[in-house]
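Since the structure comes first, as structure tokens, the remarks are kept for the end.
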Amino acid sequence: MKRSIVAVAVLAMVGCSTPLERRQASGGFDYLEEKPGVPLVIPETLEQPRFSNEFALPDLGERADADVVGPRLDVRPPLQVLPLAPGTRLQDGVDSVTVLIESNDDDLNLASEIDEALVGFLNEKGVNLAQHQGGTITTDWIENQEVIGKKWWREQVYEIRQRYQFDTQVKDHGRTGSITIELVDHEEGLDGIDDSIVLTDADRRRYAIDMLNSAISYMNFERGQRQMLRDLEDGRGFNTELGFDRDENAAFLAEADFDTVWGRMSKVLPALGFEVRDLDKGLATYFVEYDSDLGFWSKLWGDNDQLPLDEGSYQILLDSIGERTSITLMDNNGDPLDNETVTGLYNRFAELLQKELRDL
Numbered sequence: 008m009k010r011s012i013v014a015v016a017v018l019a020m021v022g023c024s025t026p027l028e029r030r031q032a033s034g035g036f037d038y039l040e041e042k043p044g045v046p047l048v049i050p051e052t053l054e055q056p057r058f059s060n061e062f063a064l065p066d067l068g069e070r071a072d073a074d075v076v077g078p079r080l081d082v083r084p085p086l087q088v089l090p091l092a093p094g095t096r097l098q099d100g101v102d103s104v105t106v107l108i109e110s111n112d113d114d115l116n117l118a119s120e121i122d123e124a125l126v127g128f129l130n131e132k133g134v135n136l137a138q139h140q141g142g143t144i145t146t147d148w149i150e151n152q153e154v155i156g157k158k159w160w161r162e163q164v165y166e167i168r169q170r171y172q173f174d175t176q177v178k179d180h181g182r183t184g185s186i187t188i189e190l191v192d193h194e195e196g197l198d199g200i201d202d203s204i205v206l207t208d209a210d211r212r213r214y215a216i217d218m219l220n221s222a223i224s225y226m227n228f229e230r231g232q233r234q235m236l237r238d239l240e241d242g243r244g245f246n247t248e249l250g251f252d253r254d255e256n257a258a259f260l261a262e263a264d265f266d267t268v269w270g271r272m273s274k275v276l277p278a279l280g281f282e283v284r285d286l287d288k289g290l291a292t293y294f295v296e297y298d299s300d301l302g303f304w305s306k307l308w309g310d311n312d313q314l315p316l317d318e319g320s321y322q323i324l325l326d327s328i329g330e331r332t333s334i335t336l337m338d339n340n341g342d343p344l345d346n347e348t349v350t351g352l353y354n355r356f357a358e359l360l361q362k363e364l365r366d367l
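Using this note's numbering, the first residue of the sequence shown is number 8, and each one after it goes up by one.
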């Protein structure tokens with residue numbers, strides 16, 4: 008069976024503590040030898056004192072972790088699932104380690120994105136897959152080795168071997184999914200596997216959370232890379248020309264698709280002196296207020312020139328016309344501006360729309 012070495016740390020110091028010992032409380036465990044206290048015996052002839060059980064330690068009974076005391080008790084604080092990637096959040100009220108994932112790209116299939124992110128993460132870590140089918144990914148053995156010192160002529164190696172299982176699900180509507188992780192196998196020991204070391208549920212949860220956080224961090228990186236590419240594409244300027252919209256009103260015709268122009272307008276309008284009061288992508292309309300003092304003409308043009316436009320409220324309507332997008336300027340009542348005004352505004356709009364985003 009193939010094995011993957013995820014990390015090898017070499018400590019030169021002799022007598023370093025093992026990973027197991029680092030989970031334990033400092034000091035000794037003499038308290039384990041303490042005998043239960045003997046109840047105070049009061050003669051029947053005397054008045055019985057009142058006793059309070061407020062600080063009495065409960066009997067653990069047959070709980071699975073009843074014997075998790077002394078060196079077996081993990082004193083480290085618990086880990087938390089960190090929904091680091093955009094569109095990720097925790098699922099409340101469940102015992103398993105689960106994170107919910109929202110789709111943030113309509114062009115991507117969420118199930119494929121999650122699957123590719125997990126496989127990419129494991130491949131990057133050099134982890135082989137034992138199973139990859141039907142939304143379930145089970146890893147091969149992941150080995151961590153740490154040299155903790157030397158005994159005579161040879162090094163002492165502490166080894167931890169683990170296998171994880173990722174279960175992914177996506178809702179029928181395709182916009183929400185989830186990743187659940189479980190530590191399915193664990194072995195560890197100094198110079199060989201120690202069968203006496205048994206993980207508690209808390210230990211298993213800690214390891215699973217740590218692995219899931221790493222996977223989500225990888226997904227965050229992947230989503231960030233895709234967003235950077237989109238920003239670069241959206242950041243490229245595009246040409247415009249004077250023309251007419253579908254209703255034969257004077258308009259600017261941009262050589263770009265609707266989404267590109269819609270996103271660019273949020274950058275261009277403030278630079279022109281427009282304050283965006285509201286916007287509705289469903290109506291394809293920006294609702295703006297023009298104030299000549301808000302423009303950046305001195306920065307962009309080297310003078311204090313202003314738009315040939317009265318200050319006040321306006322609407323800007325976008326519409327797809329084939330592979331191009333029309334930009335129609337209207338007054339506050341939704342009536343298109345006259346041809347002369349649109350022509351006077353064209354040069355300023357055209358130059359900013361042609362600039363790259365980093366230049367705005």
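Just so it is clear, CB atoms sit at the ideal spot from N, CA and C, and this is done for glycine as well.
These numbers were taken from a predicted model, which means no experiment stands behind them.
Residue i - DSSP class collapsed to helix/strand/coil
{"i": "T145", "result": "strand"}
{"i": "E347", "result": "helix"}
{"i": "L249", "result": "strand"}
{"i": "K362", "result": "coil"}
{"i": "G289", "result": "coil"}
{"i": "A357", "result": "helix"}
{"i": "R284", "result": "strand"}
{"i": "N151", "result": "strand"}
{"i": "A209", "result": "helix"}
{"i": "A137", "result": "strand"}
{"i": "E109", "result": "strand"}
{"i": "G196", "result": "strand"}
{"i": "F62", "result": "coil"}
{"i": "G184", "result": "strand"}
{"i": "F228", "result": "helix"}
{"i": "E296", "result": "strand"}
{"i": "L219", "result": "helix"}
{"i": "L39", "result": "helix"}
{"i": "R91", "result": "In the sequence under discussion, the amino acid at residue 91 is Leu, which differs from the Arg named in the question. DSSP places L91 in coil when its eight states are reduced to three."}
{"i": "L190", "result": "strand"}
{"i": "E387", "result": "No answer is possible for residue 387: it lies beyond the span of the chain, which begins at 8 and ends at 367."}
{"i": "P85", "result": "coil"}
{"i": "G77", "result": "helix"}
{"i": "R57", "result": "coil"}
{"i": "L352", "result": "helix"}
{"i": "F237", "result": "The amino acid at residue 237 is misidentified as Phe; the sequence shows Arg. If DSSP states are grouped into helix, strand and coil, R237 belongs with the helices."}
Reference residue i, options the options, closest by Cα
{"i": "S224", "options": "K42, T350 and L91", "result": "L91"}
{"i": "G270", "options": "L325, D254 and F251", "result": "L325"}
{"i": "N130", "options": "D345, L286, S221 and G244", "result": "S221"}
{"i": "Q138", "options": "V191, D287, E262 and T183", "result": "V191"}
{"i": "I323", "options": "S273, A32 and F36", "result": "S273"}
{"i": "T187", "options": "E51, L352 and I108", "result": "I108"}
{"i": "R96", "options": "P343, L286 and N227", "result": "N227"}
{"i": "F356", "options": "K288, R253, R211 and G244", "result": "G244"}
{"i": "A263", "options": "R212, L39, G280 and L360", "result": "L360"}
{"i": "R331", "options": "V268, G34 and R237", "result": "V268"}
{"i": "E318", "options": "G34, P46 and E282", "result": "E282"}
{"i": "D114", "options": "D345, N346 and D266", "result": "D266"}
{"i": "N340", "options": "P315, L53, N135 and F294", "result": "F294"}
{"i": "D202", "options": "G231, I216, R168 and D208", "result": "R168"}
{"i": "P315", "options": "S103, T348 and A278", "result": "T348"}
Pair within 8 Å by beta-carbon distance, residue i and residue j
{"i": "T350", "j": "A258", "result": "no"}
{"i": "E166", "j": "E195", "result": "yes"}
{"i": "S299", "j": "Q313", "result": "yes"}
{"i": "A32", "j": "L64", "result": "no"}
{"i": "A124", "j": "E229", "result": "yes"}
{"i": "I49", "j": "P56", "result": "yes"}
{"i": "R182", "j": "S110", "result": "yes"}
{"i": "R213", "j": "L86", "result": "yes"}
{"i": "Y353", "j": "L249", "result": "yes"}
{"i": "E189", "j": "Y171", "result": "yes"}
{"i": "D174", "j": "G142", "result": "yes"}
{"i": "D198", "j": "V164", "result": "yes"}
{"i": "R253", "j": "I144", "result": "no"}
Continuous beta strand (DSSP E) stretch holding residue i: start and end
{"i": "T95", "result": "T95 to L97"}
{"i": "F173", "result": "R161 to V177"}
{"i": "L325", "result": "G319 to I328"}
{"i": "S103", "result": "Counting along the chain, S103 falls outside any beta strand (DSSP E), and DSSP gives it neither H nor E."}
{"i": "L336", "result": "R331 to D338"}
Expected contact under 8 Å - CB spacing of residue i and residue j to nearest Å
{"i": "D112", "j": "R233", "result": "7 Å"}
{"i": "S185", "j": "T292", "result": "That belief does not hold up - the Cβ atoms of S185 and T292 are roughly 37 Å apart, past 8 Å."}
{"i": "G77", "j": "L39", "result": "5 Å"}
Range of the contiguous alpha helix (DSSP H) that encloses residue i
{"i": "I121", "result": "L117 to E131"}
{"i": "F259", "result": "Per DSSP, F259 belongs to no alpha helix (DSSP H); it is in the beta strand (DSSP E), A257 to A261."}
{"i": "D266", "result": "F265 to L279"}
The ligand COA heavy atom lying under 7 Å from the CB of residue i
{"i": "V82", "result": "Of ligands this structure carries none, so the ligand COA is not represented either."}
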